[in-house]
Amino acid sequence: MKGNKKFFITMLALVGVILAACGKTTDGTASSSDNLPSNNDSTQTEESDSSSNEDTATEPNDKEDTSNSLKDEYLEKLNEMDKKDREVPADTSKASTTVELEKEEAKRLDRWDEALNEIYSVLNEQLSAEEIEQLREEQRDWIKERDQKAKEASLKYEGGTMEGLEYVATQASVTKDRCYELVAKYM
């Protein structure tokens, strides 16, 4: 029995390290996307073309500021969720079976999936019809890719009790990454 507890604690620590590493990659991705040059060229061109009419030049800036504030708001929400996820592994040390660990990961997946759906809803209101259709196609492809990545990751535990846990944990991590990706790309 003590051997099993040590094994589960070791596996929990391993999952925590993997999740923390995934979180650091995402944080780097999110902050590097903030460093990408924004589409200011069109705004600058509009300002120089309409130098006699200042009101026209400030409207695109207001729209961009709103977009950036929305982007910042969602990045802050996602970063807060990610921070809470990193704190959860300490609480899951109470979980003594892989079934309990898998339930915790399923809750994590549900939280990230809910955030993804919220982001998707906001983007549906913001984007043009063409962009929405492109995003829908992209989402369909992403779902297949997410499930494929989860399957590949879980195969290293094929037939074992950790297989389901790894599948759900990978889905949660990939969903988290997708949240950051959509905010960076479309907001």
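Numbered according to mature numbering (1 follows the signal peptide of the UniProt record, and there is no 0), the sequence shown spans residues -20 to -1, 1 to 167.
Think of the CB as a built atom: it goes at the ideal place given N, C-alpha and C, for glycine as much as any other residue.
All values reported here derive from a predicted model rather than from experimental measurement.
Please state the DSSP three-state secondary structure of leucine 81. Stepping through the sequence shown from its first residue, residue 81 is reached at position 101. Leucine 81 falls in the helix class under three-state DSSP.
Please return the same chain residues whose Cβ sits closer than 8 Å to the Cβ of serine 28, not counting the five positions on each side in sequence. Your numbering for residue 28 matches position 48 in the sequence shown. In this prediction, serine 28 has a pLDDT of 37, which is less than 50 and means its spatial position is unreliable; what the coordinates show is noted afterwards. Around serine 28: no qualifying Cβ.
Contained alpha helix (DSSP H) runs [length at least 4] in the stretch 95 to 140, N- to C-terminal order: 109 to 134
Threonine 77 beta carbon less than 8 Å from that of methionine 142: Residue 142 sits at position 162 when you count from the first residue of the sequence shown. Residue 77 sits at position 97 when you count from the first residue of the sequence shown. No; because the gap between Cβ atoms is not below 8 Å, this pair is not in contact.
If you drop the 5 nearest sequence neighbours on each side, which residues of the same chain put their C-beta closer than 7 Å to that of arginine 126? Taking the first residue of the sequence shown as 1, we reach residue 126 at position 146. These residues qualify, in order along the chain: Gln151, Val154, Thr155.
Span of the alpha helix (DSSP H), counted from its first residue to its last, around tyrosine 142: Within the sequence shown, residue 142 is the residue found at index 162, counting from 1. First, the residue type needs correcting, since residue 142 is methionine and not tyrosine in the sequence shown. Start and end: 142 to 166.
Let's test the definition: count the other Cβ atoms within 10 Å of the Cβ of leucine 81 and tell me whether it reaches 16, buried, or not, exposed. Counted from its first residue, the sequence shown places residue 81 at position 101. With 16 or more other Cβ atoms within 10 Å, it is buried.
On the three-state DSSP scale, how would you describe serine 49? What you label residue 49 is simply residue 69 of the sequence shown in a count that begins at 1. Looking at serine 49 - three-state DSSP - the assignment turns out to be helix.
Whose C-beta lies closer than 6 Å to the C-beta of aspartate 93 among residues of the same chain, with five residues either side of it excluded? Within the sequence shown, the letter at position 113 stands for residue 93. Around aspartate 93, the same chain offers Thr155 as residues with beta carbons nearer than 6 Å, after the five sequence neighbours per side are excluded.
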